[in-house]
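One structure is given below, encoded as structure tokens.
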Amino acid sequence: MNSLRRTWQRISWRWHGGIPLRDTVVLVIVIGVTTPALLLLTVEQQLAQKSQQALISQSELSLMSIGSVSIAEPMWVVDRNALDAAASRLLENPQVVAVRIEELLATAPVVQRIRSGYALPLDAETRALRLRERNQAVVRGGETLGTVTLWFDPNFGQGLLRERRSQMLWLVAVQVFASLMFLMPLLVSRVLRPVERLKAQASALLDQGAGAQTEVFDWKRQDELGLLGRHLSQVKGQLGQLFGQLENKNAQLQQMALYDQLTGLPNRSLFVDLVQREMLQARRSFQRFGIFFIDLDRFKAVNDSLGHAAGDALLVEISRKLRETVREVDVVCRQSGDEFLILARDVAQWETLGDMAQRVLQIVEEPVLLGTATARVSASIGISLFPDDADDFETLVKHADVAMYQAKSLGRARYSFFHSELNARLQANLELEQRLGEAIDNGELVLHYQPQVDAKTGRLVGAEALVRWQHPQRGL
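The C-terminal residue of the sequence shown carries number 1592 in the numbering used here, and the numbering is unbroken.
Laid out in structure tokens, this is it:
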């Protein structure tokens, strides 16, 4: 049952849309030629059958008359051989199945002939085959000598009709073949080949969307197919423009998503991706790389005094100098505000990072002309090394940030490498800040006055107000 259902589904699918166009055209031609021909053949057969019945009846009557005349003379002269010959001649007619000649004299023998394939007795055979029987008297000189009886094949006309039908069917087959031979080349050149070309042109539109090179279709036909082809060519041009605009928009969006809009440097998102890829490569090849965390000193003063436009121009100039200073394999990133990150690839020695940091400090300290004013800034740089200081991005940047603050605390305009003591000191400071906040809430801070005495006179000249921390564990 399931197999029958699947078979029917396949047939339905092919019928409702799976038949190729060429097969459909052939089917339409065959149906269009054969249907009228078969209808005409049916009508012609019916008309021929009606007209042929009358002709057959007239032919049978003519045979009866001819047979009666041909038998009269031998019966008159009682010539048995001549009667036998006359009966045989009548049986030669394809319409006649049997012949029976009887004389009026009771003593005269009956002459009868039957076609091969039919058996006697004739009366039983006649009833079995339902033959058509006709009788006619044999007359000579006005005197009736006997009777002649002929049995006719009722299917004689049907045989003629079948033969005519067979000829007509052959004619229809020849007509279908001739139509296919004549119409198919015409349909192929005028319909099928243009449709295949339209199909290829439509497929080329999809390939154009995928970015592939597509064929240019030139339509010179002035019919509907040519008009459709020209419309598709126009659509192709419009799609090409649209795809070009989309590619430009995508490039702009990618630029906005991955690059800083002011300086054109990679932003933090792209920098994270590049560093993570570098980590994979460094792990496979057992290499090192460094992370620079750069913060501009005195940038806020320039921004406040000369304006934000001047501050932006200064950032653009600093970015250009950083790109020119680092190696081609290194990556400069603007993290935010006046903070920059540098990925220093394939660094084997600490000294290499130190030399690079020194060059960065020098180019940042160079004066920058901003309109009529000259701006001077410096940089504080913190450096962390992969995999010595950390093996993930966030920790690497955090450690470089800690080292940068160490450089600032040492007087700015310098660089500092990260080491574990810096991290411990940072953690201690953070813990101290947190504990101090709790001390304020808990009332652990107390006020003390320290006297000020003149050493020469020994007199009390004042007092210094001091806030002391009464720590629960460490004491005052």
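Note that the Cβ used here is the ideal one computed from N, Cα and C, for glycine as well.
Counterpart residues of residue i in DSSP-defined beta bridges
| i | result |
| --- | --- |
| L1098 | Summary: the structure shown does not reach residue 1098, with the chain confined to residues 1117 through 1592, and so no result is reported for it. |
| R1248 | F1268 |
| I1172 | I1172 pairs with nothing; no bridge assigned. |
| S1295 | Paired residue(s): none; S1295 is not in a bridge. |
| E1455 | D1411 and S1452 |
| G1498 | F1409 and S1532 |
| R1617 | Because the chain is modelled from 1117 through 1592, residue 1617 falls outside the range shown and cannot be assessed. |
| G1578 | Q1568 |
| I1434 | Paired residue(s): none; I1434 is not in a bridge. |
| Q1228 | R1216 |
| R1256 | E1259 |
| V1484 | A1491 |
| G1591 | H1587 |
| V1447 | L1459 |
Sequence-distant residues of the same chain with beta carbon closer than 8 Å to residue i, five excluded per side
| i | result |
| --- | --- |
| S1385 | A1373 and L1374 |
| S1184 | Q1252, A1253, V1254, V1255 and V1264 |
| V1445 | R1461 and D1462 |
| R1414 | R1492, V1493 and S1494 |
| P1588 | E1560 |
| F1387 | V1447, C1449, Q1451, L1457 and L1459 |
Proximity of residue i and residue j at Cβ, strictly below 7 Å
| i | j | result |
| --- | --- | --- |
| M1180 | Q1252 | yes |
| I1187 | V1254 | yes |
| L1431 | V1447 | no |
| V1569 | L1561 | no |
| T1265 | R1229 | no |
| V1213 | W1267 | yes |
| L1501 | G1406 | yes |
| N1383 | D1389 | no |
| Y1531 | A1473 | yes |
| Q1211 | F1272 | yes |
| P1567 | A1579 | yes |
| I1479 | K1416 | no |
| V1078 | V1288 | Here the chain has residues from 1117 to 1592 only, and residue 1078 is not among them. |
Residue from the options whose Cα sits closest to the Cα of residue i
| i | options | result |
| --- | --- | --- |
| A1426 | I1410, R1492 and D1462 | R1492 |
| M1520 | A1506, H1535, D1389 and D1507 | H1535 |
| R1475 | T1511, D1420 and F1408 | F1408 |
| L1412 | N1558, L1156 and E1433 | E1433 |
| E1554 | H1564, A1581, Q1586 and E1279 | Q1586 |
| D1504 | F1415, F1402, V1418 and Q1522 | F1402 |
| D1462 | D1454, R1196 and L1396 | L1396 |
| L1477 | F1387, L1526, L1156 and T1441 | T1441 |
| V1639 | W1466, F1509, V1418 and R1280 | Nothing can be reported for residue 1639, as the shown portion of the chain is limited to 1117 through 1592. |
| R1443 | M1300, L1422 and D1471 | D1471 |
| N1419 | Q1550, L1552, L1469 and A1489 | A1489 |
| E1189 | E1259, I1556 and T1468 | E1259 |
| R1280 | L1355, D1269, T1158 and S1232 | T1158 |
| A1529 | G1591, E1481 and A1398 | E1481 |
Nearest-angstrom Cα separation, counted from residue j out to residue i
| i | j | result |
| --- | --- | --- |
| A1224 | R1205 | 21 Å |
| W1129 | T1140 | Reliability fails at W1129, whose pLDDT of 48 lies under 50, so the model's placement of it is uncertain and no value is given. |
| P1152 | F1359 | 53 Å |
| D1200 | V1194 | 11 Å |
| R1404 | E1394 | 9 Å |
| S1178 | G1148 | 44 Å |
| E1249 | L1171 | 17 Å |
| Q1371 | K1524 | 33 Å |
| W1131 | V1290 | Only weak support is given to the placement of W1131: the predicted model assigns it a pLDDT of 48, under 50, and the value that follows is read from those uncertain coordinates. The alpha-carbon atoms of W1131 and V1290 are separated by roughly 27 Å. |
| I1127 | L1143 | Note that I1127 scores 46 on pLDDT, short of 50, meaning its location in the model is unreliable and no value can be drawn from it. |
| D1507 | K1514 | 12 Å |
| N1209 | Q1283 | 23 Å |
| T1150 | R1278 | 18 Å |
| P1301 | A1294 | 12 Å |
| A1464 | R1400 | 15 Å |
| L1369 | R1439 | 23 Å |
| R1108 | L1207 | Because the chain spans 1117 through 1592 in this model, residue 1108 falls outside it and cannot be assessed. |
| Q1169 | D1269 | 12 Å |
| P1483 | D1454 | 16 Å |
| L1314 | L1355 | 17 Å |
| R1551 | R1590 | 12 Å |
Contact set for residue i: own chain, Cβ-Cβ below 6 Å, skip 5 residues either direction
| i | result |
| --- | --- |
| I1410 | F1456, A1495 and I1497 |
| A1429 | L1486 |
| S1435 | T1379 and L1381 |
Neighbourhood of residue i by C-beta distance below 7 Å, restricted to the same chain and skipping five residues each side
| i | result |
| --- | --- |
| E1219 | M1191, L1261 and G1262 |
| A1516 | I1407, F1408, F1409, G1498, I1499, S1500 and F1534 |
| A1203 | V1215, I1217, V1227 and R1229 |
Contact test: residue i Cβ vs the ligand COA heavy atom, cutoff 6 Å
| i | result |
| --- | --- |
| L1171 | By its list of ligands, the structure shown contains no ligand whatsoever, and the ligand COA lies outside what it can speak to. |
Beta carbon proximity, residue i to chain B, threshold 7 Å
| i | result |
| --- | --- |
| P1301 | The chain labelled as chain B is not found in the depicted structure, where only one protein chain is given. |
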